[in-house]
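Count along the sequence shown starting at 1, add 597, and that's the number in this note's numbering.
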Amino acid sequence: MNKTRQVAKYVILDFLAAAIAWAAFFVYRKKVIEPQFFGGWKVPFEFTTQFYLGLIIIPSFWILTYYITGFYKNIYRRSRLLELGQTFSTSLAGVVAIFFAFLLDDWIGSYKNYYQLFFTLLTLHFVITYSFRLILTTRTIHKIHKRKIGFNTLIIGSNEKAFKMYNEMSNQHRPAGNKFVGFIGLDNNDDAILSSHLTKLGGIKDIALVLEQQEIEEVILALETKEHEKLSEILTIIENRQVTIWGIPDLYDLLSGMTKTNTIFGSPLIKISNGLMPGWQENTKRLLDVLFSLFAILLFLPVFIVLAIIIKTTSKGPVFYKQERIGRFGKPFNIYKLRSMVSGAENGTPALSSEEDTRITRIGKFLRKTHLDEIPQFYNVITGSMSLVGPRPEREYYIKQIVKRAPHYTHLHKLRPGITSWGQVKYGYASNVDEMLERLTYDMMYLKNISLYIDFKILIYTVMVSVKGNGK
């Protein structure tokens, strides 16, 4: 099962559908609409440069629109009925944009031609696009029903409820694609009920390791009523990972506000949504991250060159400072900064800095107050390991200390870490674990209130702090 290839199929077919629809619409305009402007005289018809440009620009616009609206996410879990509604609503919005951008100055015989243009383009685009999608989605669904495509699934729980759910889903005539790889047993569970059918992969403490080793894509929480107190502990482990979480229906009261009801054929389950932003906002955020970072790199290039020369000539060591941090879904990545400390400041032992830290160079103090040492992190944003706004990434060494006092810290791993954050604006660099915990309060507030609006406000305050040199 190759998700990248599946997305590529949709992208290619969507591009092709948009190109065919626009080509047919171009012919319609030239053969039907424009002659009415000239009183019925035949207009010489040719495929102009404008036509060929349209075959590139218009389909590219549609692909960008589909990306922003989140169509290419969760590409294997598709419903043909929901896809019908989504395709129509997106087509309607897109055609309105194209109409006002490109068609208002067309040669027309009367205002009725505008209606003809609009509905013809809408019909062509929607019908061709959905036809291609229907074929591809139907083929995918049939492969799932024939068990040619499956999603590695872990059951958490091993009592009678877990067995009943497993037995029901395993014997469906039209399976939902769940490929059960094993189960996690809980204290006081009778593991024998499930162990004759599935392999026990460990207990609650082993969940994180099992998710990684078994490449789990979906988790089903099959807890008995008496086990509900363990729900928070389990969700703290799995919610910050890139897995889809399902719960047995009677969990609904406990999870209200975090779930939406759904049905997988004969087995009704509740999807515990770990999506923090609407799909269009999440994709818009990512798009703006990349565009703004590219612009910022070009804008700050002269400043970067000057700072690099100063760093190199005033202290020994490299211009860049690289350090491993923990990013989204708990995955490590290398963060890049302009070096603001003397080379080899830590000597292999993690040590946080403070305002009066003698390891900070003279130019380093300026870099930290203005946050100019963060310039190389625009590269991290472009590669996808960071965002412009998000919780500041920490090292695993300090995360272990934080989690001992605040286990909920791991919920921040649902997000891409950011160059700036709500906590960063309030506290700047943390010089000890206590300050990290103070900053955590604001990062959790961001997690619960994340939106593009909040991002813009944080960016504005970050710029103000940088310009005033109030950073820490």
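Ideal Cβ positions, reconstructed from N, Cα and C, are used throughout, including at glycine.
Residues of its chain near residue i, where Cβ-Cβ distance is below 6 Å and the 5 sequence neighbours each way are ignored
i: Gln-878; result: Leu-1049
i: Phe-901; result: Ile-972
i: Asn-756; result: Asn-786, Glu-821
i: Gln-1021; result: Arg-989
i: Gly-876; result: Gly-667
Straight-line Cα distance separating residue j from residue i
i: Leu-731; j: Phe-658; result: 21 Å
i: Gln-810; j: Phe-648; result: 52 Å
i: Lys-1065; j: Ile-655; result: 44 Å
i: Ile-741; j: Val-724; result: 25 Å
i: Thr-662; j: Val-693; result: 13 Å
i: Pro-772; j: Arg-674; result: 13 Å
i: Leu-964; j: Tyr-1043; result: 26 Å
i: Ser-728; j: Val-840; result: 30 Å
i: Tyr-551; j: Gly-800; result: The question about residue 551 has no answer, for the chain in this structure spans 598 to 1069.
i: Leu-714; j: Ile-617; result: 16 Å
i: Leu-721; j: Tyr-711; result: 15 Å
i: Val-1062; j: Thr-1007; result: 28 Å
i: Thr-955; j: Thr-1017; result: 25 Å
i: Leu-848; j: Ala-620; result: The predicted position of Leu-848 is uncertain, since its pLDDT is 48 and thus under 50; a value taken from the coordinates is nonetheless stated next. Using only the alpha carbons, I get a separation of about 52 Å.
i: Ala-789; j: Ile-867; result: 26 Å
i: Leu-1037; j: Pro-947; result: 20 Å
i: Val-916; j: Lys-962; result: 15 Å
i: Met-766; j: Leu-828; result: 22 Å
i: Gln-920; j: Asp-784; result: 40 Å
i: Val-604; j: Tyr-669; result: 6 Å
i: Thr-1059; j: Ile-746; result: 46 Å
i: Thr-737; j: Tyr-995; result: 44 Å
i: Arg-925; j: His-1010; result: 5 Å
i: Ile-672; j: Gly-691; result: 21 Å
i: Asp-1040; j: Ser-890; result: 22 Å
i: Asn-1046; j: Phe-699; result: 38 Å
i: Leu-1118; j: Leu-832; result: Residue 1118 falls outside the range modelled here, since the chain spans only 598 to 1069, and no answer is possible.
i: Arg-837; j: Gly-927; result: The residue asked about is misnamed: residue 837 is Asn in this sequence, not Arg. Rounded to the nearest angstrom, the two C-alpha atoms are 8 Å apart.
Simplified DSSP state of residue i, which is helix, strand or coil
i: Arg-1111; result: As shown, the chain starts at 598 and ends at 1069. That puts residue 1111 outside it, with no answer to give.
i: Gln-920; result: strand
i: Leu-818; result: strand
i: Leu-751; result: strand
i: Met-938; result: strand
i: Tyr-933; result: strand
i: Thr-1017; result: strand
i: Thr-645; result: coil
i: Thr-796; result: coil
i: Gly-876; result: helix
i: Leu-652; result: helix
i: Leu-896; result: helix
i: Met-855; result: Legend: pLDDT at Met-855 = 47, less than 50; position of this residue unreliable, no value from coordinates given.
i: Thr-666; result: coil
i: Ile-813; result: coil
i: Ile-869; result: strand
Residue i, buried or exposed, once every other Cβ within 10 Å from all chains shown has been counted against 16
i: Arg-936; result: buried
i: Pro-988; result: buried
i: Thr-796; result: exposed
i: Ile-1083; result: Only positions 598 to 1069 of the chain appear in this structure, which leaves residue 1083 out of reach.
i: Phe-777; result: buried
i: Ala-819; result: buried
i: Pro-990; result: buried
i: Lys-909; result: exposed
i: Gly-779; result: buried
i: Ile-861; result: Low local confidence applies: a pLDDT of 45 at Ile-861 is under 50, so the model's placement there is unreliable, with the coordinate-based value given in what follows. Result: buried.
i: Phe-622; result: buried
Range covered by the alpha helix (DSSP H) that runs through residue i
i: Thr-717; result: 709 to 742
i: Thr-1007; result: Unbroken run through Thr-1007: none, as it is neither H nor E.
i: Gly-682; result: 677 to 695
i: Ile-1051; result: 1049 to 1065
i: Phe-612; result: 600 to 625
i: Phe-760; result: 757 to 767
i: Arg-674; result: First-last for Arg-674: undefined, no H or E at that position.
The beta strand (DSSP E) enclosing residue i, as first and last residue numbers
i: Gly-914; result: Per DSSP, Gly-914 belongs to no beta strand (DSSP E) and is neither H nor E.
i: Asn-775; result: 775 to 781
i: Ser-984; result: 984 to 986
i: Ile-845; result: Unbroken run through Ile-845: none, as it is neither H nor E.
Beta-carbon proximity list for residue i, same chain, < 7 Å, skipping 5 on both sides
i: Val-986; result: Gly-1015, Thr-1017, Ser-1018, Asp-1052, Ile-1055, Leu-1056
i: Thr-958; result: Thr-911, Ser-912, Ser-937, Met-938, Val-939
i: Gln-998; result: Val-1030
i: Tyr-664; result: Asn-880
i: Leu-625; result: The amino acid occupying residue 625 in the given sequence is Tyr; Leu does not appear at that position. If we look at Tyr-625 and ignore the five residues flanking it on each side, its Cβ neighbours are Thr-717.
i: Ala-759; result: Ile-752, Phe-780, Leu-791, Ala-819
Neighbourhood of residue i by C-beta distance below 8 Å, restricted to the same chain and skipping five residues each side
i: Thr-735; result: Arg-677
i: Gln-974; result: Ile-932, Tyr-933, Lys-934, Met-983, Ile-1016
i: Ile-813; result: Asn-749, Thr-750, Leu-751, Val-778, Val-807, Val-840
i: Arg-1013; result: Gly-924, Arg-925, Gly-981, Ser-982, Met-983, Ser-984, Gly-987
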